[in-house]
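Its first residue numbered 47, the sequence shown is counted upward by one per residue in the working numbering. This report concerns only the one structure given below.
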Amino acid sequence: MGKKIRFRLYADAAPLTTTAFEQALPFSISFLHARVSGQEIWTDKAPGLDVAQENASIFTEPGEIVIGPLKPARNKICNCIGIFYCEGKLLDCGNIFGKVFEEDLSLLQLLGDNIWKHGAAELSFNKI
């Protein structure tokens with residue numbers, strides 16, 4: 047696809063998560079399409095963020111990005127990143143720490159549809 051999709055991080059609602067995520071930048075990971083949680087692309091190879099749950103929920107809004115923190119260790123989505131292009135419901139609480147810019151939501155929907163139809167895609171995360 048080669049296009050940038052920008053996210054606004056929830057620094058006020060998830061300060062520890064956003065700080066840890068920014069410190070892990072830049073990185074690239076292969077994303078798949080979810081089957082259970084809704085219209086979501088996800089990976090279970092996220093950078094391990096050694097933070098506890100904050101701004102945690104199982105429910106997401108279109109465009110939100112979620113990470114499964116390392117604490118508590120029993121968390122079923124530990125070390126996963128999910129990016130939802132419609133409303134979603136996670137298997138366990140994840141830290142919701144950002145949302146795509148409204149004007150980039152259509153690009154995220156195209157990306158999700160492409161991964162659904164054609165399989166995994168390597169995505170790069172950088173600070174802009």
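Cβ atoms here follow ideal geometry from the backbone N, Cα and C, with glycine treated the same way.
| request: Would you mind giving the Cβ-Cβ distance between serine 83 and leucine 136, rounded to the nearest angstrom? I have them listed as a contact below 8 Å. | output: Position 37 of the sequence shown, counted from the start, is the residue given in the question as residue 83. Position 90 of the sequence shown, counted from the start, is the residue given in the question as residue 136. Approximately 6 Å separates the beta-carbon atoms of serine 83 and leucine 136; this is inside 8 Å, confirming the contact.
| Can you name the residues that DSSP bridges to glycine 134? | On the sequence shown, position 88 is the one that residue 134 refers to. Checking the DSSP bridge columns, you'll see glycine 134 partnered with Gly84, Thr106.
| task | Report yes or no: do three or more beta-carbon pairs, one from the stretch 107-118 and one from the stretch 81-98, lie closer than 8 Å? | result | With a cut-off of 8 Å on Cβ pairs, the stretch 107-118 is in contact with the stretch 81-98, counting three or more such pairs.
| request: Go to glutamate 168, then tell me how far its alpha helix (DSSP H) extends in each direction, as first and last residue. | output: What you label residue 168 is simply residue 122 of the sequence shown in a count that begins at 1. For glutamate 168, there is no enclosing alpha helix (DSSP H); the residue is part of the beta strand (DSSP E) that begins and ends at 167-171.
| task | Indicate whether threonine 64 and alanine 57 have their beta-carbon atoms separated by less than 7 Å. | result | For this step, residue 64 is matched to residue 18 along the sequence shown. For this step, residue 57 is matched to residue 11 along the sequence shown. Yes. Within cutoff.
| message | Classify lysine 145: buried if its beta carbon has 16 or more other beta carbons within 10 angstroms, exposed otherwise. | response | By one-based count along the sequence shown, residue 145 stands at place 99. Label assigned to lysine 145: buried.
| task | Output the distance between the C-alpha atoms of glutamine 85 and serine 170, rounded to the nearest integer angstrom. | result | To locate residue 85, count along the sequence shown from 1; it is residue 39. To locate residue 170, count along the sequence shown from 1; it is residue 124. Approximately 20 Å between the Cα atoms of the pair.
| task | Determine the extent of the alpha helix (DSSP H) in which isoleucine 161 is found, giving its start and end residues. | result | Residue 161 sits at position 115 when you count from the first residue of the sequence shown. From DSSP, the alpha helix (DSSP H) with isoleucine 161 extends over 151-164.
| field | Neighbourhood of alanine 179 by C-beta, 6 Å cutoff - its chain only, sequence neighbours within 5 removed | value | Here the chain covers residues 47 to 174 and nothing more, so residue 179 does not appear.
| In this structure, what does DSSP give as the bridge partners for leucine 55? | On the sequence shown, position 9 is the one that residue 55 refers to. In DSSP, leucine 55 forms a bridge with Gly144.
| Member of Asn141, Glu68, Thr106 whose CA lies at the smallest distance from the CA of isoleucine 123 | One-based indexing of the sequence shown puts residue 123 at position 77. Checked all of Asn141, Glu68, Thr106; the closest Cα to isoleucine 123 is Asn141.
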